[in-house]
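Participant: I'd like to ask some things about the structure below.
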Amino acid sequence: MNLVIRKADIEDAAAIAHVHVESWRTTYAGIVSDVFLASLNKEVRTQSWQEQILTANISILVAEDETGIFGFAAGGRSGKNSTITMRSSTPSTCCVSDKNKVQAEHCASR
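All letters in the sequence shown, in the order written, are residues 274 to 383 by our numbering.
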């Protein structure tokens, strides 16, 4: 397996949105309302990620292998004190789709 972590491009927005939505659905099932999780929309998230990539207010990295993007991390400066914050859809550094548990462990160890 060849893991690459790189800066996200606009063309990555749909794949990031897919990982974002699916990771929320698997990570928060039984914790967050099923109605809310079912309402998560990949097309809406794709548009949001496109906007975030284009504005460049945050840094967005993707993790990919031969099968494509399976994870991402996003973060940037927050507030007047210029602290760096990271955000993802899971408690880990890298948001990873549940279908790729091997990559999830590999990505989280980086």
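Ideal placement from N, C-alpha and C gives every residue a C-beta, glycine not left out.
What residues in its chain sit with their C-beta under 7 Å from that of Asp285, if we drop five residues either side in the sequence?
Facilitator: Stepping through the sequence shown from its first residue, residue 285 is reached at position 12. Closer than 7 Å at Cβ, skipping near neighbours: Val335 and Ile342.
Participant: If I'm right that Thr328 touches Ala290 with Cβ under 8 Å, what's the distance once you round it to whole angstroms?
Facilitator: Position 55 of the sequence shown, counting from 1, holds the residue named residue 328. Position 17 of the sequence shown, counting from 1, holds the residue named residue 290. Going by Cβ atoms, the distance from Thr328 to Ala290 rounds to 16 Å, so no, they are not a contact pair.
Participant: Please state the DSSP three-state secondary structure of Leu313.
Facilitator: Mapped onto the sequence shown, residue 313 falls at position 40. Correct three-state label for Leu313: coil.
Participant: Quick check on this structure: which residue in Gly344, Gly303 and Gly349 has the alpha carbon closest to the alpha carbon of Leu276?
Facilitator: Here the question's residue 276 lines up with position 3 in the sequence shown. It is Gly344 whose Cα lies nearest to the Cα of Leu276.
Participant: By how many angstroms is the C-alpha of Thr300 removed from the C-alpha of Ile331?
Facilitator: Translated into the one-based positions of the sequence shown, residue 331 becomes position 58. Translated into the one-based positions of the sequence shown, residue 300 becomes position 27. Answer to the nearest angstrom: the Cα atoms are 24 Å apart.
Participant: On a CA-only basis, which of Trp297, Glu324 and Gln323 is nearest Ala311? Give me that one, please.
Facilitator: In the sequence shown, residue 311 corresponds to position 38, counting from 1. Of Trp297, Glu324 and Gln323, the residue nearest in Cα terms is Trp297.
Participant: If Ile283 and Gln323 are in contact, beta carbons under 8 Å, what's the gap, nearest whole angstrom?
Facilitator: Here residue 283 refers to the residue found at position 10 of the sequence shown. Here residue 323 refers to the residue found at position 50 of the sequence shown. Between Gln323 and Ile283 the Cβ distance is about 6 Å, and since that is below 8 Å, they are a contact.
Participant: Where does Leu334 fall in DSSP's three states?
Facilitator: Looking up residue 334 in the sequence shown gives position 61. Residue state, collapsed to three classes: strand.
Participant: Note down the Cα distance separating Val389 from Thr340, rounded to an integer number of angstroms.
Facilitator: Absent from the structure is residue 389, since the part of the chain shown begins at 274 and ends at 383.
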